[in-house]
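Here the structure is laid out as structure tokens; the discussion comes afterwards.
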Amino acid sequence: NAGVTQTPKFRILKIGQSMTLQCTQDMNHNYMYWYRQDPGMGLKLIYYSVGAGITDKGEVPNGYNVSRSTTEDFPLRLELAAPSQTSVYFCAIGQGTYEQYFGPGTRLTVT
Amino acid sequence: GENVEQHPSTLSVQEGDSAVIKCTYSDSASNYFPWYKQELGKRPQLIIDIRSNVGEKKDQRIAVTLNKTAKHFSLHITETQPEDSAVYFCAASIPGANDYKLSFGAGTTVTVRA
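Heads up: the sequence lines are chains A and B, in that order.
Counting along the first sequence from 1, when you hit position 62 you're at 62 in my numbering, and nothing is skipped either side.
In my numbering, each number is its position in the second sequence, counted from 1, plus 111.
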């Protein structure tokens, strides 16, 4: 039982490149969330999903896309990467309460 | 939407002393207030939470208090130890649709001096 896993752990992208950050959970939780963490700024919600087939925008969705075809997976897609997307990205899961549990994170640098 | 402010942004304490971090929230309908601890390079981990029908909650050396009237809540760490050094985030539930979203404070970096 791994909980929440994220891949890759680290990635360096060039401006304009695209990539997908993977988030997988084995706890059968319906609720999944993507956050970005910038120094001194806390955690900002990018996108979230309340179940397979349902996604919605969070506070800072511009430049990102998501899909949720299964309960287990919630990938985050970056199209045309920009330096402003340099950040640490965390995926979190929940089961219909406000308690959220975070994955280990992906550190992304765009140069 | 919900806005959470957290103070101070950095806190340095002597080992054995107490540490207090305060957060305010804007939406009086918020009813769940968690605290997360994030060690360097690690994921945020839930350490304690409180719901709006409770004024105080304790778990060993940590406690959280909630003042609904003033819309603020605080984390108290007693008898601090070096392993308490970390970034601490408060959060408040965002009322409304059944999506269980949280709004986070900007974080407090706590350093415990030996």
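The beta carbon of each residue, even a glycine, is placed where N, CA and C say it ideally should be.
If you're wondering where the values come from, they're calculated on a predicted model, not measured in any experiment.
#1: For T180 (chain B), which of B:Q149, B:V198 and B:N164 has the nearest alpha-carbon?
#2: For D195 (chain B), which of helix, strand or coil comes out of DSSP?
#3: What does S204 (chain B) reach in chain A if we use C-beta pairs closer than 9 Å?
#4: What does a CB cutoff of less than 8 Å around V160 (chain B) pick up in its chain, not counting 5 residues either side in sequence?
#5: Just the Cα atoms here: how many angstroms apart are V124 (chain B) and T71 (chain A)?
#6: Residues of chain A with a CB under 8 Å from the CB of P155 (chain B): which are they?
#7: Shorter than 8 Å, the distance from the beta carbon of M27 (chain A) to the closest heavy atom of the ligand HEM, or not?
#8: Residues of chain A with CB under 9 Å from S120 (chain B), in chain order?
#9: How far does the beta strand (DSSP E) with A208 (chain B) in it reach, from first residue to last?
#10: If I follow the unbroken beta strand (DSSP E) through I15 (chain A), where does it start and stop?
#11: Beta carbon of Q183 (chain A), beta carbon of I93 (chain A): below 9 Å?
#12: Assuming contact is defined by CB atoms lying nearer than 9 Å, are Q6 (chain A) and G103 (chain A) in contact in what I supplied?
#13: Could you tell me which of B:L213, B:I188, B:Y211 and B:F200 sits nearest to V223 (chain B), measuring between CA atoms?
#14: Sort B:L151, B:V198 and B:H183 by Cα distance to D138 (chain B) and report the nearest one.
#15: Is D170 (chain B) close to chain A? Criterion is C-beta to C-beta, closer than 9 Å.
#16: Who are the Cβ neighbours of I132 (chain B) in its own chain at under 6 Å, not counting the five residues just before and after it?
#17: Is V66 (chain A) near Y47 (chain A), with beta carbons less than 9 Å apart?
#18: Please name the residue in A:L43, A:M19, A:V60 and A:I54 whose C-alpha comes closest to that of Q117 (chain B).
#19: Using 9 Å as the threshold, is the C-beta distance between S214 (chain B) and E126 (chain B) below it?
#20: Can you tell me where the beta strand (DSSP E) holding Y89 (chain A) begins and where it ends?
#21: Suppose the cutoff is 6 Å on Cβ atoms and the five residues either side in sequence are ignored; what does the same chain contact list for E59 (chain A) look like?
#22: Who pairs with H183 (chain B) in a beta bridge, going by DSSP?
Checking against the coordinates, here is how it stands:
#1: B:N164
#2: Here DSSP, grouped into helix, strand and coil, assigns D195 (chain B) to helix.
#3: Y98
#4: In the sequence as displayed, the identity of residue 160 (chain B) is Asp instead of Val. Excluding sequence neighbours, D160 (chain B) sits near Y143, F144, P145, W146, K168 and V175.
#5: 44 Å
#6: L43, F90 and F102
#7: In the structure on display, the ligand HEM does not appear, and there are no ligands present to speak of.
#8: G40
#9: That residue, A208 (chain B), is in no beta strand (DSSP E); it is neither H nor E in DSSP.
#10: Element bounds for I15 (chain A): n/a, residue is neither H nor E.
#11: Not covered by the structure: residue 183 (chain A). The range shown for chain A is 1 to 111.
#12: yes
#13: B:I188
#14: B:H183
#15: No - not a single Cβ of chain A is within 9 Å of the one on D170 (chain B).
#16: If you ignore the 5 residues before and after I132 (chain B), its C-beta comes within less than 6 Å of the C-beta of L186, Y199 and T219, all in its own chain and listed in chain order.
#17: Taking 9 Å as the Cβ cut-off, V66 (chain A) and Y47 (chain A) qualify as a contacting pair.
#18: Of the candidates A:L43, A:M19, A:V60 and A:I54, the one whose C-alpha sits nearest the C-alpha of Q117 (chain B) is A:L43.
#19: no
#20: S87 to G94
#21: K44 and L45
#22: DSSP output for H183 (chain B) lists B:T135 and B:N178 as bridge partner(s).
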